[in-house]
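When we follow our numbering, the leftmost residue of the sequence shown carries the number 1465, and every step to the right adds one.
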Amino acid sequence: LPPGSFAACMIGVLNTATHAWKHVRCGVPYPLLIKNRESELLVTPGGPLGLSKKADWHMMVGEYATVLDGQQTMMLMSDGIIECYQDDENKVQFDVEGVTKAVKETRPGDQFIATIVDAADLEARADDDATIITITRR
């Protein structure tokens, strides 16, 4: 990478036979584990690649592993979702709280992604990439 540059990535592996999920994250937002519209933020180390040579907790890369229970959803998102400004003048971002609130307010049978896109007004407000991936065990 050129000096002053960094890369963000996340690698996740789902074993579809055992429902085991593992991931490492580097500079992307923490994933959410969702069940019954309740969200758990999976706080794991993993700073951007190439940003720092320091070995503090935030910059280390750690593996997270779990087994997805029935009806659980793993939600992965880019920083363009949580950093989407809701109030340009005061620089208020949608943030993780906006995502978890939208998940909680999703009506049964509706999709989390559509609710988040509407709640954050991503069509009009997104200045950065806005990517959401959900993986649900049924």
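Each residue gets a CB set at the ideal place from its N, CA and C atoms; glycine is no exception. Quick caveat: nothing in here was measured; it's all calculated off a predicted structure.
Distance check between A1472 and each of W1485, I1577, T1530, D1593 places D1593 closest, using alpha-carbon atoms only. Membership of A1584 in any beta strand (DSSP E) is not indicated; the residue belongs instead to the alpha helix (DSSP H) covering 1576–1584. V1560 carries a helical assignment under DSSP once its states are collapsed to helix, strand and coil. At a Cβ-Cβ threshold of 8 Å, L1532 and R1601 count as neighbours.
In this structure, the alpha-carbon of L1496 lies about 20 Å from that of A1590. Counting C-beta pairs closer than 8 Å gives three or more between the stretch 1478–1497 and the stretch 1536–1543, which meets the contact rule. Contact between I1577 and V1560 fails: their C-beta atoms lie close to 16 Å from each other, not under 8 Å.
When the Cα atoms are used, P1466 and T1508 turn out to be separated by approximately 27 Å.
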